[in-house]
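Numbering-wise (the numbering used here), the sequence shown opens with residue 33 and increments by one.
Cβ atoms here follow ideal geometry from the backbone N, Cα and C, with glycine treated the same way.
Beneath this line is the structure, given in structure tokens, with notes to follow.
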Amino acid sequence: MLIHSYHPRVGGAERQVAALIPGLLAQGVAVDVITRRHPGLASYEQIDGVPVHRLPVPGPKPIASLAFTLTALPLLRRLRPDLIHAHELFSTTTTAVAAKRLFDYPVVVTLHGGGGFNEIVRLQKKALGAYRLSVFAKTVDSFVAISRELDAELERIGIPPEHRAFIPNAVDTDHFQPLPHREKMAQRSALGLPDVPLAVFTGRLAPEKRLDRLIAIWPDVRQIHPEACLLILGTGTEAARIERAAGEGVRFLGQVERVLPYLQASDVFVLPSEREGLSVALLEAMSAGLSVLATDVGGTPDVIEHGVTGWLVPPDAPEVMRDGLLTLLTDADLRTRLGRRARECVVAEYSLPIAAARLTNLYTRLATVITAQAAPCK
Numbered sequence: 033m034l035i036h037s038y039h040p041r042v043g044g045a046e047r048q049v050a051a052l053i054p055g056l057l058a059q060g061v062a063v064d065v066i067t068r069r070h071p072g073l074a075s076y077e078q079i080d081g082v083p084v085h086r087l088p089v090p091g092p093k094p095i096a097s098l099a100f101t102l103t104a105l106p107l108l109r110r111l112r113p114d115l116i117h118a119h120e121l122f123s124t125t126t127t128a129v130a131a132k133r134l135f136d137y138p139v140v141v142t143l144h145g146g147g148g149f150n151e152i153v154r155l156q157k158k159a160l161g162a163y164r165l166s167v168f169a170k171t172v173d174s175f176v177a178i179s180r181e182l183d184a185e186l187e188r189i190g191i192p193p194e195h196r197a198f199i200p201n202a203v204d205t206d207h208f209q210p211l212p213h214r215e216k217m218a219q220r221s222a223l224g225l226p227d228v229p230l231a232v233f234t235g236r237l238a239p240e241k242r243l244d245r246l247i248a249i250w251p252d253v254r255q256i257h258p259e260a261c262l263l264i265l266g267t268g269t270e271a272a273r274i275e276r277a278a279g280e281g282v283r284f285l286g287q288v289e290r291v292l293p294y295l296q297a298s299d300v301f302v303l304p305s306e307r308e309g310l311s312v313a314l315l316e317a318m319s320a321g322l323s324v325l326a327t328d329v330g331g332t333p334d335v336i337e338h339g340v341t342g343w344l345v346p347p348d349a350p351e352v353m354r355d356g357l358l359t360l361l362t363d364a365d366l367r368t369r370l371g372r373r374a375r376e377c378v379v380a381e382y383s384l385p386i387a388a389a390r391l392t393n394l395y396t397r398l399a400t401v402i403t404a405q406a407a408p409c410k
């Protein structure tokens with residue numbers, strides 16, 4: 033696996049890779065992780081039995097990207113993998129494509145972004161991006177899209193169906209489980225949370241999450257539910273600005289090691305993003321049986337059917353988001369019904385064993401095809 037960052041640094045892609053690896057190991061796939069070395073982290077360690085190689089990336093971005101590739105190539109030659117799986121279309125994919133050309137390793141690339149600023153669009157806006165994208169398109173054996181939107185983007189740039197796979201993100205549905213009402217109330221008490229209508233957001237406090245919109249409508253929500261409380265879990269570049277803008281009834285809890293208790297204690301999960309790939313935080317909330325309100329962007333409509341498995345709202349209509357939140361906070365029966373169906377959906381289609389099996393099948397197919405192509409004529 034080639035990925036920009038890895039545990040203990042967190043983000044959607046990092047969390048997804050870390051969650052998938054045990055399932056891949058259970059399928060008989062041995063995994064090494066190659067990533068960038070960040071300050072305070074060891075250059076090599078084993079995490080849950082998985083070798084993690086952290087490479088130095090000195091200097092500004094172009095130099096750091098080149099350094100990553102030049103350092104990774106000798107390591108990849110020594111490891112002699114059956115296949116390279118790179119995450120995101122940047123230096124990791126550049127490295128994987130170079131390794132394929134030098135050592136003939138099959139390459140899989142997963143796209144994680146979403147919306148009008150996804151990885152493909154970002155590359156196309158750069159001076160050499162279109163050229164790099166054309167090289168990737170000709171060289172990568174299979175692109176993995178985590179959402180239908182990203183799959184359509186791959187089709188738009190000419191990637192044929194035989195070189196595309198749709199494998200959405202997944203979560204540990206055995207871990208992320210709902211609690212009965214009595215235990216839910218006990219969980220609130222244990223966390224020091226009040227027995228009031230509770231909404232929760234978990235994730236990076238980044239501009240694209242548009243927490244400013246959620247904060248802006250919260251006073252209107254409290255006009256109807258004066259005791260309602262909004263919990264915000266996570267850190268990021270927007271933290272200080274969002275905290276300054278927040279009014280009464282908003283709690284910032286920072287980076288929390290275990291988000292599950294807070295999901296189990298809450299009534300509604302809110303995802304107000306203006307763009308998404310397929311949010312792992314959303315899947316975790318649904319798996320925990322929480323009713324969810326989310327914007328209709330990226331991979332979110334792949335998993336949420338409005339009024340059935342959740343509540344979809346337009347990304348640029350704060351008043352619709354406000355009304356949706358009020359509906360969910362007011363109607364306990366609706367919350368229960370949506371939460372139950374949300375969990376059923378995630379268990380059926382977005383569990384880690386299902387995603388690991390899909391990836392293993394892709395790896396096996398590619399390795400078999402490559403081996404057959406390399407076999408000598410008789």
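N-terminal and C-terminal residue of the alpha helix (DSSP H) that Glu-275 is part of: Annotation: the continuous alpha helix (DSSP H) that includes Glu-275 extends over 271 to 277.
Quick one: Cα of Gly-81 to Cα of Glu-187, how far? For Gly-81 and Glu-187, the distance between alpha carbons rounds to 37 Å.
Find the nearest neighbour of Val-378 within the set Tyr-395, Gly-342, Glu-77 and Ala-364, judged by alpha-carbon distance. Of the listed residues, the one whose Cα sits closest to Val-378 is Gly-342.
Where does the unbroken alpha helix (DSSP H) through Tyr-382 begin, and where does it stop? No alpha helix (DSSP H) holds Tyr-382; DSSP gives it neither H nor E.
Using DSSP bridges, identify the partner residues of Leu-394. In the DSSP output, where bridge partners are listed per residue, Leu-394 has none listed.
Check the C-beta distance from Pro-350 over to Ile-191 and give it rounded, since I have them as a contact under 8 Å. Cβ-Cβ separation between Pro-350 and Ile-191: approximately 36 Å, too far for a contact (criterion under 8 Å).
Given Leu-143 as reference, the closest of Ala-238, Glu-46, Ala-231 and Ser-298 once Cα atoms are compared: It is Glu-46 whose Cα lies nearest to the Cα of Leu-143.
By DSSP, does Cys-409 sit in helix, in strand, or in coil? Confidence at Cys-409 is low in this model, with a pLDDT of 49, below 50, so its placement is unreliable and no value can be given for it.
For Leu-416, which residues of its own chain have a beta-carbon under 8 Å away from its beta-carbon, when the five flanking residues on both sides are left out? Past the boundaries of the shown model lies residue 416; the chain is included only from 33 to 410, so the question cannot be answered.
Do Ala-313 and Gly-235 have their C-beta atoms within less than 8 Å of each other? Yes, the Cβ-Cβ distance between Ala-313 and Gly-235 is below 8 Å.
Who pairs with Phe-233 in a beta bridge, going by DSSP? According to the DSSP secondary-structure assignment, Phe-233 is paired through a beta bridge with Ile-264.
DSSP three-state label for Gly-339, please. Assignment of Gly-339 by DSSP, reduced to helix, strand and coil, places it in the coil class.
Where the alpha helix (DSSP H) containing Ala-197 begins and where it ends: Not the alpha helix (DSSP H): Ala-197 falls in the beta strand (DSSP E), residues 196 to 198.
According to the Cβ coordinates, are Leu-303 and Ala-271 closer than 8 Å? It is not a contact, given that the beta carbons lie outside the stated cut-off.
What alpha helix (DSSP H) runs, 4 residues minimum, are completely inside the stretch 161 to 221? Listed in chain order, they are 161 to 171 and 180 to 188.
Where does Ala-118 fall in DSSP's three states? Correct three-state label for Ala-118: strand.
Short of 7 Å in beta carbon distance, which residues of its chain neighbour Asp-12, apart from the five on each side in sequence? Order them along the chain. Shown here, the chain extends from 33 to 410; a query on residue 12 therefore has no answer.
May I have the straight-line CA-CA distance separating Leu-391 from Ala-118, to the nearest angstrom? Roughly 13 Å separates the two Cα atoms.
Rounded to a whole number of angstroms, what is the C-alpha to C-alpha distance between Val-153 and Ala-159? Approximately 12 Å, taken between the alpha carbons.
Does the distance from the CB of Ala-297 to the CB of Arg-369 come in under 8 Å? No, these two residues do not count as a Cβ contact at 8 Å.
Whole angstroms is fine: what's the gap from Leu-105's alpha carbon to Asp-173's? The straight-line gap from Cα to Cα measures roughly 18 Å.
Which residue wins for smallest C-alpha separation from Gly-145, given the options Leu-34, His-213, Val-63 and Arg-307? Closest option to Gly-145, judged by alpha-carbon separation, among Leu-34, His-213, Val-63 and Arg-307: Arg-307.
Relative to the C-alpha of Pro-385, which residue among Ile-35, Gly-44, Gly-55 and Pro-239 is closest? Closest option to Pro-385, Cα to Cα, is Gly-55.
May I have the straight-line CA-CA distance separating Leu-52 from Leu-357, to the nearest angstrom? Using only the alpha carbons, I get a separation of about 32 Å.
In angstroms with no decimal places, state the Cα-to-Cα distance between Ala-62 and Gly-286. CA-to-CA, the gap between Ala-62 and Gly-286 works out to about 35 Å.
Through-space distance from Ser-323 to Leu-366, alpha-carbon basis: Between Leu-366 and Ser-323, the C-alpha separation is close to 8 Å.
Which one or two residues does DSSP pair with Phe-301 in a beta bridge? Per DSSP, the beta bridge partners of Phe-301 are Val-232 and Val-324.
Is His-135 buried or exposed, if buried means 16 or more other CB atoms sit within 10 Å of its CB? The identity of residue 135 in the sequence shown is Phe, whereas the question assumes His. Exposed, since its Cβ has fewer than 16 Cβ neighbours within 10 Å.
CB of Val-176 within 8 Å of CB of Val-129, strictly: Result no, Cβ atoms of Val-176 and Val-129 do not sit closer than 8 Å.
Assign Pro-40 to one of three DSSP states: helix, strand, or coil. Collapsing the DSSP output to three states places Pro-40 in coil.
Taking all protein chains shown into account, do 16 or more other C-beta atoms lie within 10 angstroms of the C-beta of Cys-409, making it buried, or fewer, making it exposed? Its pLDDT being 49, under 50, Cys-409 is placed unreliably by the model, and the measurement read from it follows with that caveat. By the neighbour-count criterion, in which 16 or more other beta carbons inside 10 Å mark a residue as buried, Cys-409 falls on the exposed side.
Is the beta carbon of Leu-361 closer than 8 Å to that of Ala-260? Yes, the pair counts as a contact, with Cβ atoms nearer than the cut-off.
8 Å is my cut-off, CB to CB: does Asp-348 come that close to chain C? Of the chains in the structure shown, none is chain C; there is only one protein chain.
Helix, strand or coil at Gln-78 [DSSP, three-state]: Looking at Gln-78 - three-state DSSP - the assignment turns out to be strand.
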